[in-house]
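Using my numbering, the first residue of the sequence shown is number 10, and each one after it goes up by one.
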Amino acid sequence: MATADLKTTRIRLAYNDGQDEKGKPKFAYKSYSYINALASADEMNSAALSIASLSSKVLFNVEKLQSFDINE
Numbered sequence: 010m011a012t013a014d015l016k017t018t019r020i021r022l023a024y025n026d027g028q029d030e031k032g033k034p035k036f037a038y039k040s041y042s043y044i045n046a047l048a049s050a051d052e053m054n055s056a057a058l059s060i061a062s063l064s065s066k067v068l069f070n071v072e073k074l075q076s077f078d079i080n081e
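See below:
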């Protein structure tokens, strides 16, 4: 039976970066690695908001990204 072993956990912040020529929103992304996999959603959100407060751009979204190794 195959198993999924957690390899890395990251958070990705999406910032509003204006609009394109068609009026659709553009986003700028910044990822942060070495995130504790056991951190709660509230803890990750709090960290993301603290990081975003240092930016001149408006925070649009926060994503939790995890990658796994699939083994037999």
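Beta carbons: idealized from backbone N, C-alpha and C, even for Gly.
All values derive from a computational prediction rather than experimental measurement.
Quiz item: Looking at residue 79 and residue 13, is the spacing between their C-beta atoms short of 7 Å?
Solution: yes
Self-check item: Cβ pair residue 35, residue 22 closer than 7 Å
Solution: no
Practice problem: Determine, using beta carbons only, whether residue 40 comes closer than 7 Å to chain C. | Solution: Of the chains in the structure shown, none is chain C; there is only one protein chain.
Quiz item: Do residue 44 and residue 20 come within 7 Å of each other at the CB atom, strictly closer than that value?
Solution: yes
Self-check item: Cα-Cα separation, residue 25 to residue 53
Solution: 20 Å
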